[in-house]
Each structure stands twice: as C-alpha cells, then as structure tokens.
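The working numbering applies: residue 4 is where the sequence shown begins, and numbers increase by one. Written below as structure tokens is the structure these notes are about.
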Amino acid sequence: MKKLNLFDKLNAASLLLVSPEWPKVKAAQKRAQSFENPVVNIPLEIRTIAGRKIRLAEAGPVDAPKVVLLSPFPASILNFDGSWESLTANFRVIAIDLPGFGGSEGDRHDMTPTAQGNHLAAIFDALELNDIHLVAPDVGMASALSYVLDHEHRLTSMVIGHSIGNPNPVELGFMIDMLAKFGFMRATSALLGAGPLIAYSAKIGAVRHQASAVEIDDYKKSYAGRAPEVIHWFKDFYAKSEAIAARLSEIQIPTLVFWGELDVLFDVSNAERIHAALPNSKLHILPEAGHFSWADQPQMFASMIESWVVNEHKQIDISA
C-alpha cells in the first residue's frame, strides 16, 4: 500500500509555511473534531468509453433518480466515501473519475474545461444516461459548466462548487494562484510529483476529514508519474475562468452552488459571485468545512443532495 513518504510530507510542510492561509485552517482544525471515514465498498470498475479507459463506480436502486458524482483533484471518487452509503440508499449513483484524473486514462490535452466537457458528453452518451443530477465539485465544476454550455445536455439539475467559473474577481489561495500565474511553479510541482500536492491539499483543504490509508493509497497510485500531465490544468487558469463566466447567463437549469465556509484554496466569495451570475441558482454554505467540504461534512453533504434532488430543484422557476 502506497503512503505519503517523508519527501511528500517535507515538501508539503514547506508549502504550508509559505501559504498565508495555513494558520487560519490550522486554527480551525484545532477547534474541530477530526475523523477518518471507515472503509466503504465503492465498486470500482474500468470501462472503455470513447476510446478512453474510464474508472467509475455505480450503485443504488436502478429505478431511483440518477446522481452523477465527478472526481476532485488531487483525490478521486474515493473522496466521496463518507457519503457513499447514504447517497446510494436513495439514488442511483454513478461516480466518475474524469479523464486524466483519479483512475481514468488521460493526458495534458484533457486539462481544459472544454476538453472535459466534451468527454462528459461522450461518457453520458455511451452510458445512455438521461435526467441526470450532476454533482461536480473542484475540477468537476468547470468541466460541468463547459458541458452544459457547449452541448445538448442530459441534465435535470447541477450541483457545483469549489472551482473556477465565476465572474471576476476570482479569489484563489496562494498555492493555486502561483500555479495559475507562473510556469516555473507548474514545472517545479510537476518535477516534485503528485505526492507533495496530495499531502498539501489533505492538510490545507480539509478541516475535519483525515484521509484514510485506503484513500491515500488510491490517490498516490492514480497520479504516480502523471503530475507533469495533470498540472496543465492550472495553465491559463484565470483565462479559462473568464471564458466560462462570460456565458453563465446562458445556463438555465436549476443549479445548486455549494461551498465550505473555510475554503482557503477557492475563497467562499467565489460562491457568492457565481450564484449571483447564474439565472436559476441556490447557494448553500457548509459550516466547519474547507475546500473538500463533501469530505469534511459527509452527512450534511448527503442530506443537501437528497433535499436538492427530491424537492428543492423543482422549486426553482426556470420560466421566470
């Protein structure tokens, strides 16, 4: 089983020392009650879809509403283990590692929201999914927005958070801002490998949740040797955000914008701006939660999704 080694931890510690947001998160962690999720049986499988090997998991009643979960970075769909059992008790859940992320095949050509939106269209077509409630945090958020904007989508509603796509100003934490602005920072991070990024994000991105050995093993295996490819996601980050933000008024489907109140990688003010820009949205802020809010507050997250899918999305009048 792969673990975070001394090299990963030392490099992550160095990054934390120069991150001005770290003291705020560290103080919140001291006040919070931390936990580690028990190991959950998420039925992972690999399917070849549109010429790519895509890792996904599917469970829950076949006749229940369909909820599709998209993976975050530098984690994977295993990051949803805390809410997996609750969600699959009520919904048909399909969790997907986006191409190039988690356990799915991909390269630097996949590292744009437009490319990911195209992949989502192909994946949903291949799986013959309709009436989808798409849950898309982190890298999934920009991917989902691009999918809706550029394709005849198959969605009933969308749940997004913790990424780019809102009108300016886009408020990013120190590390994300450095990766977005400076090629040397992306090159250095690629050279160091994914281990330090995994260790750093696990520390600064979570307030309550502690990644289990099973999760860390999966993340390290998923991104082993792939950092030089996946780090291209941050190239032209602000321009990618502006391109999506300019078209937000075109999105008419009911959208739930959610965020952790203590996200220091993508400040919560971003949530307020994207909510204000979307024609048919609702805003939900999760308390005592950081960037990985779905992992910090798994039961709140599951309850939020259940309320949204069963009832709340229907209350948004898209005809107005």
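Ideal Cβ positions, reconstructed from N, Cα and C, are used throughout, including at glycine. No experiment lies behind these values; they were computed from the predicted model shown.
Within the segment 227–306, the complete beta strand (DSSP E) segments of 3 residues or longer fall at 258–263 and 284–289, listed in chain order. Here DSSP, grouped into helix, strand and coil, assigns Pro-140 to strand. Within the same chain, Ala-125, Ile-126 and Ala-129 come within 7 Å of Ile-52 by CB-CB distance, once the 5 residues on both sides are set aside. The alpha-carbon of Val-217 is positioned some 10 Å away from that of Pro-41. Judged by DSSP in its simplified three-state form, Ala-31 adopts helix. Bounds of the alpha helix (DSSP H) holding Glu-88 are 84–93. Under DSSP, no beta-bridge partner is assigned to Gly-106. Minimum Cα-Cα distance from Ser-107 among the listed residues Asp-11, Ala-35, Ser-86 and Ile-80 corresponds to Ile-80. DSSP, read as helix, strand or coil, puts Met-114 in coil. In the structure shown, Glu-61 adopts extended strand secondary structure according to DSSP, grouped into three states. Beta-bridge pairing by DSSP links His-212 to Phe-38.
Scanning the segment 142–183 from its first residue to its last, the whole alpha helix (DSSP H) runs of 4-plus residues come out as 142–153. Note that the segment 72–87 touches the segment 297–309; at least 3 beta-carbon pairs, one per stretch, sit closer than 8 Å. For the 8 Å CB-CB criterion, Arg-34 and Gly-63 do not form a contact.
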